[in-house]
Amino acid sequence: MSTATTPVTTADRVRAIVVLVAVPATLLGAALGSGLLGGGTAEGVGEGAFASNATPLAPGGPAFSIWSVIYLGLTAYGIWQVLPRNHADPRQRQMGWLALASLVLNAAWILASLANAVALTVVIIVALLLSLIAIFEVLRRIRPRSFVETVVVDGTFGLYFGWVCVATVANVAAWLADMGLRIEAFDVPAAIVLAVVGAIGVAIALRGRGRIGPMLSIAWGVSWIAIARATDEPASMTVAVVAAIVAAIVVATTIAVRVRSHRQPVRA
């Protein structure tokens, strides 16, 4: 479908403006959660429920630097999608409100974490994950019109989606720890959960025909789980080894699928 023959509606303009306004609001929430504006941080709530040493499934602290890249991408996306030529874009019509939902849920998660509502953060991050799955499906079905769109839209939301897959698992583990489950009881279950994360990463690679964004953030997050368990408490070489293997499998599968898909003729 060509946007040149598709009239721009008022709803298109409203959607673009609302999404653009939501971006700085989300960035403000991120600043609050990181402690840049004073007060506590998300890592410090729930008696350290979100700390990097709270559970065997918690990524090492440096892993969260990926949010800087995601937020930069979301900022670029907010600006890109508000440009008049993109208002009637078929992709944006299908994913725009979902993108807004992801921004709102992102900010809501930070507020819930600062309010020490650890159980509520689980509900919110699952909803966030569902919104990103829906966006992934839209981006998978409709091809981008330009390289810039591929980077700004597919790249940003691919990283966002992959990271939230890992973060959801870590969030549930943090909630269980906050409920009083002993860390020692996590070891074997954590390895099993990581295997499931690996299976999800492989499924995303297959369904997305080797999309790079989700692979990068999943591998990044899982690798930092491996590093944290090998170098920090709670130490677990079992979890560290499984996490490293999972990261390698997700990367190798994505590359293999991508190479194979580029060798095949594109289907209509």
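Counting in this note's numbering, the sequence shown runs without a single skipped number right up to 322 at its last residue. Positions of the beta carbon are idealized from the N, C-alpha and C atoms, including for glycine. Remember, predicted model here, so these are calculated numbers, not experimental data.
Quick one: what's got a C-beta closer than 7 Å to residue i's C-beta in the same chain, skipping five residues either side?
i       : result
Gln-146 : Gln-135, Asn-140
Asp-241 : Pro-110, Ser-290, Thr-292, Val-293
Ala-245 : Thr-292, Val-293, Val-296
Thr-60  : Ala-142
Ala-282 : Ser-106, Ala-112, Pro-113, Gly-114
Gly-98  : The pLDDT assigned to Gly-98 is 48, lower than 50, so where the model puts this residue is not dependable; a value taken from the coordinates is nonetheless given after this. Correct list: empty, nothing qualifies.
Which one of the options has the shortest CA to CA distance from residue i?
i       : options                            : result
Val-72  : Ala-155, Arg-263, Ile-246, Ala-105 : Ala-155
Thr-388 : Pro-78, Arg-312, Leu-128, Arg-69   : Here the chain covers residues 55 to 322 and nothing more, so residue 388 does not appear.
Ala-108 : Ala-224, Val-300, Ser-271, Val-311 : Ala-224
Asn-170 : Glu-287, Leu-270, Met-233          : Met-233
Val-123 : Val-176, Val-180, Leu-81           : Leu-81
Leu-184 : Val-202, Leu-159, Ala-231, Gly-267 : Leu-159
Ala-181 : Ala-302, Arg-194, Leu-152          : Leu-152
Asp-66  : Val-77, Leu-86, Met-149            : Met-149
Arg-261 : Leu-213, Asp-286, Thr-307, Val-242 : Thr-307
Trp-50  : Ala-166, Ile-196, Ser-200, Gly-212 : Summary: the structure shown does not reach residue 50, with the chain confined to residues 55 through 322, and so no result is reported for it.
Val-77  : Ile-133, Val-68, Thr-60, Ser-119   : Ile-133
Using a Cβ-Cβ cutoff of less than 8 Å, which residues in the same chain neighbour residue i once the five nearest sequence positions on both sides are dropped?
i       : result
Val-313 : Gly-264
Ala-284 : Met-291, Ala-294
Ala-103 : Val-172, Ala-228, Trp-229, Ala-231, Asp-232
Val-300 : Leu-248, Ala-249, Val-251, Gly-252, Gly-255, Val-276
Pro-198 : Arg-145, Thr-204, Val-207, Asp-208
Given this structure, state the Cα-to-Cα distance separating residue i from residue j, to the nearest angstrom.
i       : j       : result
Ala-173 : Val-247 : 19 Å
Ala-161 : Gly-83  : 5 Å
Val-218 : Pro-138 : 30 Å
Gly-216 : Ile-272 : 5 Å
Ala-105 : Thr-222 : 15 Å
Val-205 : Arg-236 : 42 Å
Ser-290 : Val-75  : 44 Å
Ala-231 : Ala-79  : 30 Å
Pro-268 : Trp-274 : 10 Å
His-316 : Ile-266 : 13 Å
Ile-258 : Ala-85  : 30 Å
Val-305 : Thr-64  : 42 Å
Ile-179 : Ala-302 : 26 Å
Arg-194 : Val-68  : 25 Å
Glu-203 : Val-176 : 31 Å
Leu-126 : Tyr-214 : 11 Å
Ser-119 : Leu-157 : 18 Å
Val-311 : Ser-200 : 22 Å
Asp-286 : Val-220 : 19 Å
Ala-70  : Ile-196 : 19 Å
Pro-243 : Leu-186 : 26 Å
Ser-167 : Pro-288 : 22 Å
Enumerate in chain order the residues of its own chain whose CB-to-CB distance from residue i is below 6 Å, with the five nearest sequence positions on each side excluded.
i       : result
Ala-280 : Ala-294, Ala-297, Ala-298
Trp-278 : Pro-113, Gly-114, Ala-117
Ala-227 : Thr-109, Leu-111
Val-62  : His-141, Ala-142
Ala-130 : Val-206
Ile-309 : none
Distance cutoff 9 Å, beta carbons only. Does residue i sit that close to anything in chain C?
i       : result
Asn-160 : You won't find chain C in this structure, because it holds only one protein chain.
task = Would you be able to state if there are at least three C-beta pairs under 8 Å between the stretch 185-195 and the stretch 112-130?
result = The stretch 112-130 is not in contact with the stretch 185-195.
ask   = Can you give, in chain order, each stretch of the beta strand (DSSP E) that sits fully within the stretch 166-219 and has at least 3 residues?
value = With a minimum length of 3 residues, there is no unbroken run of beta strand (DSSP E) contained wholly in the stretch 166-219.
query = Whole alpha helix (DSSP H) runs in the stretch 221-263 with 4 or more residues, listed along the chain?
reply = Listed in chain order, they are 241-261.
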